[in-house]
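K.L.:
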Amino acid sequence: MLVDQADPHLLFDSVQEDTKLLVTLTAISGRRVLDISVERSIPILELKYRISNLWHVPPECQKLVLGESVLEDGRKLSSYCSDEDDRLDLVAMSQISHICNALLTEEDPRKRIESLGTIAKLGPKGGPAALDAISGMLHSEDASVRRAAVEALTQVGEKVDSAIIQMLMETLQDEDPDLRCAAVDALLKMASRENQEVVDAVWQSLKDPDKNVQRSAVECLLGLVEVGDDRLIDAASIRLKDSFPMMRQAALRTLVKVLHKGDPRAIISINSMLHDHDSQVRRTALEMKCLVSKRGDKLAICSVAANLDDDDPDMRLATIEALTKLAEKDDRGTITMLGNMLEDPVGFVRRAAVWGLTSVATRGNSKALAAARLRLDHQHIEVRCVAIEAVGRLALQDDERSKELLSRTMMKDDNKVVVHTAKEALKCISRRES
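Note that numbering that gives the first Met the number 0 gives residue 399 to position 400 of the sequence shown, counting from 1, and the numbers run on in steps of one.
Right, here's the structure in full:
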């Protein structure tokens with residue numbers, strides 16, 4: 000057998016090499032960094048990776064010293080200790096000079112990005128040298144390198160560091176929209192609410208030609224506000240009259256977040272924006288109206304309902320959705336309005352009206368059923384179809400009148416789609432019975 004022929008000394012050496020060894024890491028200052036128990040046979044590079052999980056210094060930036068010897072990545076730990084040793088005391092140092100030099104001398108963008116990622120893993124441990132190296136890459140000719148530098152800044156720099164914030168604000172003028180977007184996101188992480196210069200810069204980013212930058216600016220602005228901030232209340236109120244639609248949307252969202260719930264200024268601002276000439280602003284106002292109003296608020300329902308006549312079908316759709324959120328169950332006025340929307344000229348609005356009607360009205364509601372039945376003989380096929388669908392959803396199991404009307408439609412209507420829809424509605428009621 001092969002085992003019988005094995006050299007016992009080799010077997011002993013193998014076992015000895017795989018026994019555990021306690022490694023103690025100490026900083027140059029003498030501060031104890033950590034203790035880690037590892038196999039004697041572990042390669043130095045793997046040891047550095049294990050250390051990085053605890054010390055948060057990338058292997059590329061670690062320098063491990065035993066006496067006067069620097070541990071080499073290509074060797075094993077066992078080559079630096081005797082068989083009798085059960086503990087090894089190492090001096091651990093973090094170094095980034097070679098990484099920083101590589102950033103300056105390397106021309107390949109991918110390698111520069113890799114080096115920036117390594118520096119970023121150091122976090123604040125990188126110190127001024129890391130910040131200097133990163134800031135130099137903010138002016139790289141390659142946009143992807145500049146984006147990586149912005150991301151690295153947020154990991155290496157301390158929050159509210161004025162120098163970093165200034166660099167990020169300058170980056171808001173970069174020609175690359177993705178970089179501007181990254182800079183706005185970084186400002187949210189690094190800046191404080193009290194920094195008015197940052198808040199003003201983010202307001203300006205709402206006018207950026209790129210939609211993604213605008214959206215990031217809105218999120219940043221909302222992240223920087225807090226309830227009761229008078230400066231932001233004044234700034235947002237002024238910007239409600241701005242000529243740029245995204246600015247008005249952000250101002251409205253900011254006001255709703257910064258004002259105390261129930262503050263009449265929020266209601267007044269929202270109501271004024273419900274009639275804005277831009278449909279996106281009007282939809283934002285609807286969304287905000289639902290946030291600040293209580294269910295069943297008649298004044299809120301009235302102000303929202305005015306937009307059911309909007310020229311923009313998307314706005315009419317949003318209004319139907321808002322009404323279903325604001326109206327109480329079986330609200331007669333809302334049911335009447337939603338019933339009228341079954342005749343909307345646009346298909347998706349009509350379908351939304353069916354959904355809204357069946358959401359607000361409980362099954363068997365006579366007013367909702369009457370609104371749907373009234374349109375079973377409508378001149379337009381599409382209106383007849385949605386009316387049939389509404390009856391099918393609303394009718395109770397013993398609603399003989401609805402069944403009779405649907406059966407009559409099946410027999411008399413000359414349109415196959417209408418007949419098929421009526422048949423499906425009757426099946427729906429029958430399944431409900433069983």
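Ideal placement from N, C-alpha and C gives every residue a C-beta, glycine not left out.
For Gln378, name the three-state secondary structure that DSSP assigns.
P.N.:
Mapped onto the sequence shown, residue 378 falls at position 379. Here Gln378 sits in coil by DSSP.
K.L.:
Less than 7 Å separating the beta-carbons of Leu486 and Ala216?
P.N.:
Examination of residue 486 is not possible in this model, given that the chain is present from 0 through 433 alone.
K.L.:
Does the beta-carbon of Lys415 have 16 or more other beta-carbons within 10 angstroms, so that it is buried, or is it exposed?
P.N.:
Within the sequence shown, residue 415 is the residue found at index 416, counting from 1. Lys415 should be labelled exposed.
K.L.:
If I follow the unbroken beta strand (DSSP E) through Asp34, where does it start and stop?
P.N.:
Against the sequence shown, residue 34 aligns to sequence position 35. Element bounds for Asp34: 31–38.
K.L.:
Using only CA atoms, which one of Leu44, Leu76, Ser401 lies nearest to Ala389?
P.N.:
Residue numbering aside, residue 389 sits at position 390 when the sequence shown is read from its first letter. That would be Ser401, whose Cα lies nearest to the Cα of Ala389.
K.L.:
With a CB to CB cut of under 6 Å and the five nearest residues on each side skipped, what residues in its chain are close to Asp412?
P.N.:
Within the sequence shown, residue 412 is the residue found at index 413, counting from 1. Only Val418 meet the Cβ criterion.
K.L.:
Just curious, the alpha helix (DSSP H) that Gln213 is in, first and last residue?
P.N.:
The sequence position of residue 213 within the sequence shown is 214, counting from 1. Start and end: 210–223.
K.L.:
Considering only their Cβ atoms, is the gap separating Ala200 from Met168 smaller than 7 Å?
P.N.:
Within the sequence shown, the letter at position 169 stands for residue 168. Within the sequence shown, the letter at position 201 stands for residue 200. Going by C-beta atoms, Met168 is nearer than 7 Å to Ala200.
K.L.:
Whose C-beta lies closer than 8 Å to the C-beta of Val224 among residues of the same chain, with five residues either side of it excluded?
P.N.:
As a first step, residue 224 must be located in the sequence shown, where it is residue number 225. Arg192, Leu231, Thr253, Lys256, Val257.
K.L.:
Would you say Ile98 and Ser81 are within 7 Å of each other, going by their C-beta atoms?
P.N.:
If you number the sequence shown from 1, residue 98 lands on position 99. If you number the sequence shown from 1, residue 81 lands on position 82. Their beta carbons are not under 7 Å apart, which means Ile98 does not touch Ser81 by this criterion.
K.L.:
Considering just the uninterrupted stretch of the beta strand (DSSP E) at Ala91, what are its terminal residues?
P.N.:
Mapped onto the sequence shown, residue 91 falls at position 92. Start and end: 86–93.
K.L.:
Once you ignore the five residues that flank Ala185 on each side, which residues in its own chain have a CB closer than 7 Å to its CB?
P.N.:
Locating residue 185 in the sequence shown gives position 186, counting from the first residue. So the qualifying residues of the chain are Val149, Leu152, Thr153, Leu167.
K.L.:
Quick check on Ser242: does DSSP put it in helix, strand or coil?
P.N.:
Residue 242 sits at position 243 when you count from the first residue of the sequence shown. Coil.
K.L.:
Going by alpha carbons, who is nearest to Thr283 out of Cys301, Ala317, Pro263?
P.N.:
Taking the sequence shown and counting its residues from 1, the one referred to as residue 283 is at position 284. For Thr283, the nearest C-alpha among the options comes from Ala317.
K.L.:
Can you list, in chain order, the residues of its chain with a C-beta nearer than 6 Å to that of Arg65? Leave out the 5 residues immediately preceding and following it.
P.N.:
Within the sequence shown, numbered from 1, the residue matching residue 65 stands at position 66. Reading the sequence as shown, one finds Leu at residue 65 and not Arg. So the qualifying residues of the chain are Tyr79, Leu89.
K.L.:
Closest to Thr170 by C-alpha separation, out of Thr361, Val212, Thr23, Met409, would be which residue?
P.N.:
Counting from 1 along the sequence shown, the entry for residue 170 is found at position 171. Closest by alpha carbon: Val212.
K.L.:
Over the uninterrupted beta strand (DSSP E) stretch that includes Leu63, give me the two end residues.
P.N.:
Walking along the sequence shown from the start, residue 63 turns up at place 64. Here the beta strand (DSSP E) through Leu63 covers 61–65.
K.L.:
When you compare the CB positions of Arg315 and Leu307, do they come within less than 7 Å of one another, or not?
P.N.:
Counted from its first residue, the sequence shown places residue 315 at position 316. Counted from its first residue, the sequence shown places residue 307 at position 308. In this structure, Leu307 lies closer than 7 Å to Arg315 by Cβ.
K.L.:
Under 7 Å Cβ to Cβ from Arg350, same chain only, skipping five residues before and after it: list those, please.
P.N.:
Stepping through the sequence shown from its first residue, residue 350 is reached at position 351. Within the same chain, Arg350 has close Cβ partners Val385.
K.L.:
DSSP three-state call for Ser77: helix, strand or coil?
P.N.:
The sequence position of residue 77 within the sequence shown is 78, counting from 1. The answer is helix: DSSP assigns Ser77 an H, G or I state.
K.L.:
Going along the chain, which residues of its own chain have a beta-carbon closer than 6 Å to the beta-carbon of Pro61, five neighbours each way excluded?
P.N.:
On the sequence shown, residue 61 is found 62 positions in, with the first residue counted as 1. Here residue 61 turns out to be Gln, not Pro, going by the sequence shown. Only Lys47 meet the Cβ criterion.
K.L.:
According to DSSP, is Ser139 part of a helix, a strand, or is it coil?
P.N.:
For the purposes of this step, residue 139 is taken as residue 140 along the sequence shown, with counting starting at 1. Here Ser139 sits in coil by DSSP.
K.L.:
Classify Gln15 as buried or exposed, calling it buried when 16 or more other Cβ atoms lie within 10 Å of its own Cβ.
P.N.:
Taking the first residue of the sequence shown as position 1, residue 15 is located at position 16. Only weak support exists for where Gln15 lies, its pLDDT of 48 falling under 50; the value from the coordinates is given anyway. Classification for Gln15: exposed.
K.L.:
Who are the Cβ neighbours of Ile387 in its own chain at under 6 Å, not counting the five residues just before and after it?
P.N.:
For the purposes of this step, residue 387 is taken as residue 388 along the sequence shown, with counting starting at 1. These residues qualify, in order along the chain: Thr420, Ala421, Ala424.
K.L.:
Just reading off the alpha helix (DSSP H) that Thr18 is part of, what are its end residues?
P.N.:
Here residue 18 is taken as the residue at index 19 of the sequence shown, counted from 1. No alpha helix (DSSP H) holds Thr18; DSSP gives it neither H nor E.
K.L.:
Buried or exposed for Arg383, going by 16 or more other Cβ atoms inside 10 Å?
P.N.:
Here residue 383 refers to the residue found at position 384 when the sequence shown is read from its first residue. Buried, since its Cβ has 16 or more Cβ neighbours within 10 Å.
K.L.:
Does DSSP put Leu316 in a helix, in a strand, or in coil?
P.N.:
In the sequence shown, the residue the question calls residue 316 occupies position 317. Leu316 sits in a helix when the DSSP states are folded into three classes.
K.L.:
Alpha carbon to alpha carbon, how far is Ile269 from Arg281? Give it in angstroms, no decimals.
P.N.:
Position 282 of the sequence shown, counted from the first residue, corresponds to residue 281. Position 270 of the sequence shown, counted from the first residue, corresponds to residue 269. One C-alpha to the other measures close to 9 Å.
K.L.:
Kindly indicate which three-state DSSP category Pro42 falls into: helix, strand or coil?
P.N.:
Here the question's residue 42 lines up with position 43 in the sequence shown. Here Pro42 sits in strand by DSSP.
K.L.:
Going by CA-CA distance only, name the one from Arg111, Pro58, Lys110 that's closest to Ala91.
P.N.:
By one-based count along the sequence shown, residue 91 stands at place 92. Minimum Cα distance to Ala91 is reached at Pro58.
K.L.:
Which class does Ser68 belong to by DSSP, given the choice of helix, strand or coil?
P.N.:
In the sequence shown, residue 68 corresponds to position 69, counting from 1. Strand, per DSSP.
K.L.:
Quick check on DSSP: helix, strand or coil for Thr25?
P.N.:
On the sequence shown, residue 25 is found 26 positions in, with the first residue counted as 1. Assignment of Thr25 by DSSP, reduced to helix, strand and coil, places it in the strand class.
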